[in-house]
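Student:
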Amino acid sequence: MSDSASSEEDLEVLRQSTIATSNGDSSFYQRHYKSINSLLPKHLPGGAKSFKDYLANLFIAPDVTNLKRIEIHRRCGKTSNLSDARCRTFIATSFPPLKVGRLAGKEVEHTSSGDLFPQFSELKKSQYQCEVCVPYQKWAIEGGFRLASLKSKGVNVNNITDGTAVLSFSGVVQTREHYQSRAHKEAIEFFETNDGKDEKNKDALKPPRKEKVIQDFVRIPSRYYSPHSFRQMKTKVETDTSFSVLHNNVVSLNRNLENLQTHILHELNFHFNIIGVSETKITNANSEMCTAKIPGYSFEYVPTPLSSGGVGLFIDESLNYRILEKISNEAFQALWAEITFENKKNVICGILYRQHNSPERFQLYFDECIEKFTSSGKDIVIMGDFNIDLLKCESSNHSHDFLSSLQSCYLTPAIDKPTRVRSTSATLIDNIFINNPET
Numbered sequence: 037m038s039d040s041a042s043s044e045e046d047l048e049v050l051r052q053s054t055i056a057t058s059n060g061d062s063s064f065y066q067r068h069y070k071s072i073n074s075l076l077p078k079h080l081p082g083g084a085k086s087f088k089d090y091l092a093n094l095f096i097a098p099d100v101t102n103l104k105r106i107e108i109h110r111r112c113g114k115t116s117n118l119s120d121a122r123c124r125t126f127i128a129t130s131f132p133p134l135k136v137g138r139l140a141g142k143e144v145e146h147t148s149s150g151d152l153f154p155q156f157s158e159l160k161k162s163q164y165q166c167e168v169c170v171p172y173q174k175w176a177i178e179g180g181f182r183l184a185s186l187k188s189k190g191v192n193v194n195n196i197t198d199g200t201a202v203l204s205f206s207g208v209v210q211t212r213e214h215y216q217s218r219a220h221k222e223a224i225e226f227f228e229t230n231d232g233k234d235e236k237n238k239d240a241l242k243p244p245r246k247e248k249v250i251q252d253f254v255r256i257p258s259r260y261y262s263p264h265s266f267r268q269m270k271t272k273v274e275t276d277t278s279f280s281v282l283h284n285n286v287v288s289l290n291r292n293l294e295n296l297q298t299h300i301l302h303e304l305n306f307h308f309n310i311i312g313v314s315e316t317k318i319t320n321a322n323s324e325m326c327t328a329k330i331p332g333y334s335f336e337y338v339p340t341p342l343s344s345g346g347v348g349l350f351i352d353e354s355l356n357y358r359i360l361e362k363i364s365n366e367a368f369q370a371l372w373a374e375i376t377f378e379n380k381k382n383v384i385c386g387i388l389y390r391q392h393n394s395p396e397r398f399q400l401y402f403d404e405c406i407e408k409f410t411s412s413g414k415d416i417v418i419m420g421d422f423n424i425d426l427l428k429c430e431s432s433n434h435s436h437d438f439l440s441s442l443q444s445c446y447l448t449p450a451i452d453k454p455t456r457v458r459s460t461s462a463t464l465i466d467n468i469f470i471n472n473p474e475t
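All residue numbers for the sequence shown refer to the numbering used here, where the first residue is 37 and numbers rise by one.
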């Protein structure tokens with residue numbers, strides 16, 4: 037056997053050794069990412085004599101005529117430049133290549149079943165390109181399947197489907213963050229699916245189509261309550277472990293706070309842990325004059341730069357909390373707080389208002405937030421006026437994308453009926469989303 041090639045058995049041993057180093061706090065990445073320039077061949081699995089040999093054994097030149105596959109190999113395989121070889125080795129060992137299964141082997145034109153395919157390649161110095169997410173997203177988008185959104189300003193549906201998208205990251209830390217994202221994990225599963233260990237067919241592995249996703253998504257049937265019927269029902273939810281929230285689109289807190297207290301809270305006769313208010317119309321200009329108070333609650337708010345919008349949270353004074361984020365711009369206002377408990381999971385509570393402009397800007401922010409907060413393992417409650425009608429998720433791209441984002445992070449709408457009913461229309465634009473119905 038030559039120095040630049042290995043048997044299939046040795047290659048599998050090398051691959052498994054590489055995978056073993058990439059898991060846990062003591063992983064290869066954690067040990068070396070702060071000092072890549074000090075990385076030596078002796079630190080690598082399999083006893084490689086040099087970085088060049090290691091890469092040659094791991095990435096054998098593909099016997100194909102596909103120019104894209106050849107180019108990918110050129111960016112991740114062996115190189116005579118020592119610095120490049122060291123960085124490529126670090127990337128390949130931290131994020132091991134994937135053995136392509138039959139599904140991706142058939143659906144991705146620049147690979148085939150059994151190919152040892154890199155997750156990342158070196159685009160240029162300290163710039164690494166993800167090689168698996170864009171092909172997966174193209175397959176999913178063209179098939180109309182649900183998928184986690186990619187968090188990259190340079191990548192969109194158009195350049196994904198036409199094959200020009202470049203998903204790259206500056207430095208190994210950003211690369212690692214993407215590697216841990218839900219979108220990348222989905223892509224790994226797609227590439228490795230049906231790799232010879234089972235005989236499932238491709239159709240059985242596809243996620244359901246849009247229509248089924250939308251139809252089956254809402255799992256919490258909601259009801260309309262009068263104050264009287266709510267008071268009769270409330271004993272069922274008044275427990276020591278329950279966590280209760282109320283959202284009210286107040287349409288000017290200064291004008292309607294008294295109405296909130298007397299006609300809603302007093303008639304319901306229930307002490308909520310959190311009361312979220314949207315469209316407060318507390319603006320940057322008048323925020324210093326804000327004196328909104330409800331007895332027994334602390335008040336946190338985010339003003340709006342426009343004449344509409346603004347959000348706030350009334351938080352039970354007995355609760356311990358910390359503010360995670362306040363953000364306000366012409367596209368949306370958002371307030372996030374973490375409620376801390378001694379004997380149960382903390383709750384991250386968000387209140388948002390989306391202006392009628394810039395839906396793409398809001399969606400990007402929303403995707404980033406829910407992925408970050410849901411990955412924390414804590415209970416999540418998100419409420420607000422989103423100005424996105426979930427009743428139109430089969431006819432509106434914005435509604436469908438919003439619903440798909442919620443689903444990708446296992447967030448469920450607690451409301452499935454219209455929240456604004458007029459003589460000629462009914463819309464569901466106010467909602468409360470949760471990741472744990474038992475909260």
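For each residue, glycine too, the CB sits at the ideal point set by N, CA and C.
#1: Could you say which of GLU366, GLN391, ASN365, ARG358 lies nearest to ASN382 if we only look at CA atoms?
#2: Taking a contact to mean a Cβ-Cβ separation below 7 Å, would you say ILE351 touches ILE310 in this structure?
#3: Reducing DSSP to helix, strand and coil, say where SER74 ends up.
#4: Run through DSSP, which three-state label would GLU247 get?
#5: Which two residues bound the contiguous alpha helix (DSSP H) that contains HIS220?
#6: Which residues bound the beta strand (DSSP E) around ALA373?
#7: Report yes if the C-beta distance between ASN467 and PRO449 is below 7 Å; otherwise report no.
#8: Looking only at C-alpha atoms, which of GLU143, TRP372, PHE156, ASN93 sits nearest to GLY179?
#9: If you count every other CB in all the chains shown that lies within 10 Å of the CB of GLU366, and 16 or more means buried, which is it?
#10: By Cβ distance, which residues of its chain are closer than 8 Å to LEU152, with the 5 residues on each side in sequence left out?
#11: Are the beta-carbon atoms belonging to ALA372 and LEU355 less than 7 Å from one another?
#12: How would you label THR460, buried or exposed, when you count the other beta carbons within 10 angstroms and need 16 or more for buried?
#13: Would you kindly work out how many angstroms separate the C-alpha atoms of LEU282 and LYS160, rounded to a whole number?
#14: Take the Cβ of ALA462 as the centre, count every other Cβ of all protein chains shown within 10 Å, and call the residue buried at 16 or more, exposed below.
#15: Measure how close the beta-carbons of PHE156 and PHE131 come, nearest whole angstrom, since I'm counting them as under 8 Å.
#16: Under the rule that 16 or more other beta-carbon atoms within 10 Å means buried, what is ARG105, buried or exposed?
#17: Are GLN297 and THR340 closer than 7 Å when you measure CB to CB?
#18: May I ask you to check if the CB of ILE406 is nearer than 6 Å to at least one heavy atom of the ligand FMN?
#19: Going by DSSP, what residues sit across from ALA140 in a beta bridge?
#20: Look at TYR333 and ILE318 and say whether their C-beta atoms are less than 7 Å apart.
Tutor: In terms of the structure at hand:
#1: Along the sequence shown, read from residue 1 onward, the residue named residue 382 stands at position 346. For ASN382, the nearest C-alpha among the options comes from ARG358.
#2: Indexing the sequence shown from 1 puts residue 351 at position 315. Indexing the sequence shown from 1 puts residue 310 at position 274. Their beta carbons are under 7 Å apart, which means ILE351 touches ILE310 by this criterion.
#3: By one-based count along the sequence shown, residue 74 stands at place 38. Note: SER74 maps to helix in three-state DSSP.
#4: Taking the first residue of the sequence shown as 1, we reach residue 247 at position 211. For GLU247, the pLDDT reaches just 39, beneath the cut-off of 50, and the residue's location in the model is therefore unreliable, although a value from the coordinates is still provided. Correct three-state label for GLU247: helix.
#5: Here residue 220 refers to the residue found at position 184 when the sequence shown is read from its first residue. From DSSP, the alpha helix (DSSP H) with HIS220 extends over 218-228.
#6: By 1-based counting over the sequence shown, the position of residue 373 is 337. ALA373 -> beta strand (DSSP E) spans 368-376.
#7: Here residue 467 refers to the residue found at position 431 when the sequence shown is read from its first residue. Here residue 449 refers to the residue found at position 413 when the sequence shown is read from its first residue. Contact: yes.
#8: Looking up residue 179 in the sequence shown gives position 143. Considering only alpha carbons, the answer is GLU143.
#9: Residue 366 sits at position 330 when you count from the first residue of the sequence shown. When all chains shown are included, GLU366 counts as exposed.
#10: As a working mapping, residue 152 is identified with position 116 in the sequence shown. Within the same chain, LEU152 has close Cβ partners LEU47, ARG51, LEU94, PHE95, ILE96, PRO133, LEU134, LYS135, VAL136.
#11: The count along the sequence shown starts at 1 and reaches residue 372 at position 336. The count along the sequence shown starts at 1 and reaches residue 355 at position 319. Here residue 372 turns out to be Trp, not Ala, going by the sequence shown. Result no, Cβ atoms of TRP372 and LEU355 do not sit closer than 7 Å.
#12: By one-based count along the sequence shown, residue 460 stands at place 424. When all chains shown are included, THR460 counts as exposed.
#13: Locating residue 282 in the sequence shown gives position 246, where the first residue counts as 1. Locating residue 160 in the sequence shown gives position 124, where the first residue counts as 1. Spanning the two alpha carbons is a distance of roughly 51 Å.
#14: Reading the sequence shown from its first residue, position 426 is the one you call residue 462. Exposed: under 16 other Cβ atoms inside 10 Å.
#15: As a working note, residue 156 is residue 120 in the sequence shown. As a working note, residue 131 is residue 95 in the sequence shown. That belief holds up - the Cβ atoms of PHE156 and PHE131 are roughly 6 Å apart, short of 8 Å.
#16: In the sequence shown, residue 105 corresponds to position 69, counting from 1. ARG105 comes out buried.
#17: Here residue 297 refers to the residue found at position 261 of the sequence shown. Here residue 340 refers to the residue found at position 304 of the sequence shown. Not a contact, by the Cβ cut-off of 7 Å.
#18: As presented, the structure is devoid of all ligands, the ligand FMN included, so that no description of it is given.
#19: Position 104 of the sequence shown, counting from 1, holds the residue named residue 140. Paired residue(s): none; ALA140 is not in a bridge.
#20: Numbered from its first residue, the sequence shown carries residue 333 at position 297. Numbered from its first residue, the sequence shown carries residue 318 at position 282. Their beta carbons are not under 7 Å apart, which means TYR333 does not touch ILE318 by this criterion.
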